[in-house]
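Numbering (the working numbering), first residue to last: 71 to 257.
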């Protein structure tokens, strides 16, 4: 994306809205929209700050910056999920996942607090839109984060363990890769 963020709102305004961002590169950041807050959110490079814009760009001409203190499917709570691997001189350590949930402060600000318990939920993260499902409704392991992209596996928050998915034996090396989880669908 570089320094520019471009948005189009098909149901209201078909023109492209171009926003100059304050950072050199947003290449790995995802844009998220919160229906509850009527704001767009984007994690700044490095994951230390959260930037937000109001839906119509009327209240805020420039983005608001929130120190990391996006996934808005957990009922009533905005959640940030951070997936990473540590690189050391001994090699790469197993991947880990950290989940941060929103909490309101007395003065009305929002902080993000680290949690190891998301209850009977599973969070699915991929190149598409992230989503959440109740584990019990899908016969899945509760308190888990499913990742598909650079990492491909499940992180169990209770046990602090990561299980990689492997392709079955005999699968061609050049299998088409689709880094997306498909959300549940009901007719």
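Beta carbons: idealized from backbone N, C-alpha and C, even for Gly. Quick caveat, the model's predicted, so the values are computed rather than measured.
Rounded separation between residue i and residue j - CA only
i	j	result
residue 231	residue 195	17 Å
residue 101	residue 161	32 Å
residue 193	residue 155	19 Å
residue 157	residue 166	12 Å
residue 237	residue 216	16 Å
residue 107	residue 151	19 Å
residue 153	residue 105	24 Å
residue 240	residue 255	31 Å
residue 84	residue 210	40 Å
residue 139	residue 181	Legend: pLDDT at residue 139 = 36, less than 50; position of this residue unreliable, value from coordinates given subsequently. Distance between the alpha carbons of residue 139 and residue 181 is about 4 Å.
residue 228	residue 121	30 Å
residue 171	residue 213	14 Å
residue 89	residue 82	18 Å
residue 205	residue 190	5 Å
Three-state secondary structure assigned by DSSP to residue i
i	result
residue 76	strand
residue 192	strand
residue 230	coil
residue 107	coil
residue 219	coil
residue 242	coil
residue 101	strand
residue 152	strand
residue 122	strand
residue 157	strand
residue 88	strand
Nearest-angstrom Cβ-Cβ length linking residue i and residue j, presumed shorter than 8 Å
i	j	result
residue 253	residue 218	Between residue 218 and residue 253 the Cβ distance is about 13 Å, and since that is not below 8 Å, they are no contact.
Can you check the segment 166 to 214 for any alpha helix (DSSP H) of at least 4 residues that lies completely inside it and give the ranges in chain order?
-> The segment 166 to 214 contains these whole alpha helix (DSSP H) runs: 205 to 208.
Kindly confirm or deny that the segment 197 to 207 and the segment 176 to 186 touch, where touching means at least three C-beta pairs closer than 8 Å.
-> no
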